[in-house]
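Novice:
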Amino acid sequence: MNTISKENCEHYKWGDNCDGWVLVDTDERSVKQELMPPNANEQFHYHQFATQFFYILKGSAMFYIDGSIQMLNAGQGIEVHPKQKHRISNHSEADLEFILYSHPSTKNDRINCD
Numbered sequence: 001m002n003t004i005s006k007e008n009c010e011h012y013k014w015g016d017n018c019d020g021w022v023l024v025d026t027d028e029r030s031v032k033q034e035l036m037p038p039n040a041n042e043q044f045h046y047h048q049f050a051t052q053f054f055y056i057l058k059g060s061a062m063f064y065i066d067g068s069i070q071m072l073n074a075g076q077g078i079e080v081h082p083k084q085k086h087r088i089s090n091h092s093e094a095d096l097e098f099i100l101y102s103h104p105s106t107k108n109d110r111i112n113c114d
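The opening residue of the sequence shown carries number 1 in UniProt numbering; numbering runs sequentially from there.
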């Protein structure tokens, strides 16, 4: 059994100069650790099939989900269900770090909104 960390897994870039690390990636689920720099935004989107759970490790996140706005801080999480239009933003002056769990995986299951 191997220990999984940001140092030994796949790294990727996304959104507004954000970083991500793939901790687990199967068809059934994905677990990622992501970092958003200050004042970064994600594009509104939704998933046809995946339910996602965001857990904030460090910083503060603003979630926009189907017209509602929710602020989360370190130690808090939120679930996003299939077909809910959503995005995450970091409006602070500090990095935002979070874990993103998706079930099933969001591979080929992201629809960007205008």
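Cβ atoms here follow ideal geometry from the backbone N, Cα and C, with glycine treated the same way. Because the structure is a prediction, the values reported are computed rather than measured.
(1) Closer than 7 Å by C-beta to P82: which residues in its own chain qualify, once you throw out the five before and the five after it? Chain order, please.
(2) For V31, which of E10, S68, H45, M1 has the nearest alpha-carbon?
(3) To which residues of the same chain is K6 closer than 7 Å at the C-beta, ignoring the five residues directly before and after it?
(4) On the premise that A74 lies in contact with I56, defined as a C-beta separation below 8 Å, what is that separation, rounded to the nearest angstrom?
(5) Taking the straight line between their C-alpha atoms, what separation do you get for H45 and K85?
Specialist: So, from the data block:
(1) H47, Q48, F49, A50, T51
(2) E10
(3) W21, Q33
(4) 5 Å
(5) 5 Å
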